[in-house]
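Residue numbers (the working numbering): -4 to 63.
A virtual CB, placed ideally from N, CA and C, is assigned to each residue, including glycine.
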């Protein structure tokens, strides 16, 4: 697994630059389906079917904004 910096927004529109864990194909495809989970404030969050990431600690919902 590889690490990639990405930008996400929470449900309030606040942007964060965080680290995502991606598989080995991500470098070639840049496809979000190759993204395994994001890490926000020490919490690893896996995506839902709609590619939303819901934190169980902060109860925030994150959506990918862009790949940095």
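At the C-beta level, residue 56 and residue 30 stay beyond 9 Å of one another. If you look at residue 23, you'll find it in the alpha helix (DSSP H) that goes 21 to 24.
Residue 39 has 34 as its beta-bridge partners, per DSSP. Here residue 0 is bridged, per DSSP, to 14. The secondary-structure analysis by DSSP pairs residue 49 across a beta bridge with 56.
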